[in-house]
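Every letter in the sequence shown is one number past the one before it in our numbering, and letter 126, counting from 1, is 889.
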Amino acid sequence: PRWVPINIYEMSSWTRAIVIPLTILYARKPCWPAPSHARIDELFCDPSRKTAAFDYTPGFNWRNAFLGLDRALKLYDRLSWKPGRERAVRCASEWMLEHFERSEGLAAIYPAMMNSIFASMALGYSPDHPVTARQIDELARFEIEEADTLRLQPCLSPVWDTGIAVFALLEAGTSPADVGLRKAAHWLLQKQILGGGDWQIKNRDGPPGGWAFEFRNDFYPDVDDTAFVLMALQNLSYPDYVRLAKAIDVGLKWLVSMQNKDGGWGAFDRDNDHTFLNQIPFADHNAMLDPSSPDVTARVVECLGRFGWTASHPRIRRAVEYLLKEQHPAGPWYGRWGVNYIYGTSGVLRAFAAVGAKTNGAVERAVDWLRCVQQDDGGFGESIASYDNSTWIGRGETTASQTAWGLSGLLTGLPPNDPAVQRAVEYLIDGQNDEGSWDEEPFTGTGFPKVFYLKYHLYRLYFPLSALARYRRMK
């Protein structure tokens, strides 16, 4: 029930979608024979070499409390009669089946979708039953088959990519009336989510109007996508102006309504920040919660600034206070959804510039930090190791996308003829390939910090395009 502090809506949206099918699997404990051609010898390990997955620590703390609760639940699970079990399974299955609708797979992400297929079969749906078959088909859309390999993407990012691409093209001087951009705008307008979702549990008064990351994921519009799409739509010349204006209006209202009590914004939910839940034994994916983050907050502030909001507005003032509080002592800001401090710092600097925030030296410290981590070749690079090891903050193989972020950040506090700016520009110009893009191997997108990372294949194109266009405009 929602009144219990440990309920599914206190978990991040992705954790929620992963856990619900797992509870069904745990309750039903289905067993399927392995096919004759498959070997699972790795599961039969020497029991004497096993170690405890979770150990108690001295004193009373949330970790010990959850381990005690876990032990109690295991004792309950041994009972021949389990009061409340069938009702719980029924509630979980109803939730899962409801969330199959208006989406292309549960939460449109691989872990939840995979679990939901197994859970559907555990509930008695055969693989060829429409319920299960549809989920299998949705998961198959993630497959990339190449020669003798088959890979699965964790998710698809069409709204995200389209929004940023439109924004970058407009910054680069493409006509707002361009036919291609109008087609992109029409597609984005069709993707706006005007129905309810999980976000309403903690935001009952907010009007629907956000955008999701994927082709269709109506229960889970997110703040970051919505902000970028709004910035992309703002300056387009669209034939149906009334429709465009209405979409922007309700999108802004939804975006603003998602602000957290601490002044920042998370990705999918409001005030999803009960840190004690990180001590739950299965919270090892390092993404149990969806609290405010500097990069998402900065995106919203920049978006609102582009729509005329200034630092004097109460909501912007609270957001700026949150961002100043989150600044690293060395000057940068953490990047939750992009690698890492270069990404976060660039976004925050752009946000402050967009609203004219007075920051008492915070901007200068951040720009100085960017100068310090700029590499000898003029570019910027930061390894995913920076999430685990602070010695890697701002350090790593130089990439086009991270150089673009660094350049965008520098341009908020330095003139275009500054040597640091010039070196970053020269790095991008010299590194452009014959196709007009840039080569980039390292992963610069973040899924769950310390756990898994994402390669967005257009990052190496639209972020450098946007940064160079901004430089040209300033020059």
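Beta carbons are placed, not taken as given, at the ideal position from N, Cα and C, and that holds for glycine. All values reported here derive from a predicted model rather than from experimental measurement.
8 Å or more divides the Cβ of LEU1112 from the Cβ of GLY1194. Look at the segment 1087-1153 and you find these whole runs of alpha helix (DSSP H), each 4 residues long or longer: 1104-1118, 1125-1136.
Burial of SER1055 is indicated by the presence of at least 16 other C-beta atoms within 10 angstroms of its C-beta. For the pair of segments examined, the segment 893-913 was found not to touch the segment 965-974: the number of CB pairs separated by less than 8 Å stays below three. For ARG1128, the closest alpha carbon among the candidates GLN1138, ASP1140, PHE1143, THR1108 is that of THR1108.
Counting C-beta pairs closer than 8 Å gives fewer than three between the segment 829-840 and the segment 876-885, which falls short of the contact rule. Residue burial annotation: GLN955 is buried, with at least 16 other C-beta atoms found within 10 angstroms of its C-beta. If you draw a straight line from the Cα of ARG791 to the Cα of GLY1101, it comes to about 38 Å.
By DSSP's assignment, GLU908 forms a beta bridge with LEU913. Two segments are said to touch when three or more pairs of C-beta atoms, one from each, lie closer than 8 Å; by this definition the segment 1127-1143 touches the segment 1085-1101.
Contact annotation, ARG1081 with GLY1026: C-beta distance approximately 3 Å; criterion of less than 8 Å satisfied. In this chain, PHE991 is not harboured by any beta strand (DSSP E); it is covered by the alpha helix (DSSP H) spanning 986-997.
Taking 3 residues as the shortest admissible run, the segment 1013-1060 contains no complete beta strand (DSSP E) segment at all.
Annotated as distal: ALA875 and TRP974, with beta-carbon spacing of 8 Å or more. Secondary structure note for LEU1217: its beta strand (DSSP E) is the uninterrupted segment 1215-1217.
Annotation: TYR1216 to CYS918 spans about 12 Å, alpha carbon to alpha carbon.
DSSP, reduced to helix, strand and coil, places SER866 within a strand of the structure shown. Cα atoms of VAL782 and ARG865: separation of roughly 20 Å, rounded to the nearest angstrom. Every alpha helix (DSSP H) of 4 residues or more that sits fully in the segment 824-902 is shown, in chain order, as 825-840, 848-863, 873-885. At the C-beta level, TRP1168 and ILE1079 stay beyond 8 Å of one another. At a Cβ-Cβ threshold of 8 Å, PHE829 and ILE1043 count as neighbours. Taking each of LEU860, ALA855, ALA797, SER775 in turn and checking the Cα distance to TYR789, the smallest one comes out for ALA855.
Comparing alpha-carbon positions, the option among LYS1238, GLU934, TRP1201, SER775 lying closest to TYR1219 turns out to be TRP1201. In the three-state reduction of the DSSP assignment, PHE1226 falls in the helix class. The shortest CA-to-CA distance from PRO970 to any of TRP795, GLY1029, VAL1013, ILE1147 is the one to VAL1013. Residue environment analysis places SER1164 among the buried positions, since at least 16 neighbouring C-beta atoms fall within 10 angstroms of its C-beta. Taken through DSSP and simplified to helix, strand or coil, GLN1195 comes out as strand. Per the DSSP secondary-structure output, THR925 pairs with nothing in a beta bridge.
When DSSP reads this structure, PHE1211 sits in a beta bridge with PHE1215.
A distance below 7 Å between beta-carbons, with the five flanking residues on each side excluded, links LYS1016 to the following residues of its chain, in chain order: PRO970, GLY972. Your pair ALA947 and TYR1225 does not check out as a contact, with CB atoms roughly 12 Å apart and the cut at 8 Å. Sequence-distant partners of TYR1001 (beyond 5 residues in either direction) whose C-beta falls short of 7 Å from its own C-beta, in its chain, are ARG945, ALA948, LEU1007.
Rounded to whole angstroms, the separation of the alpha carbons of VAL1059 and TRP1132 is 21 Å. By the Cβ-count criterion, CYS1066 is buried, with 16 or more other Cβ atoms from all chains shown falling within 10 Å of its own Cβ.
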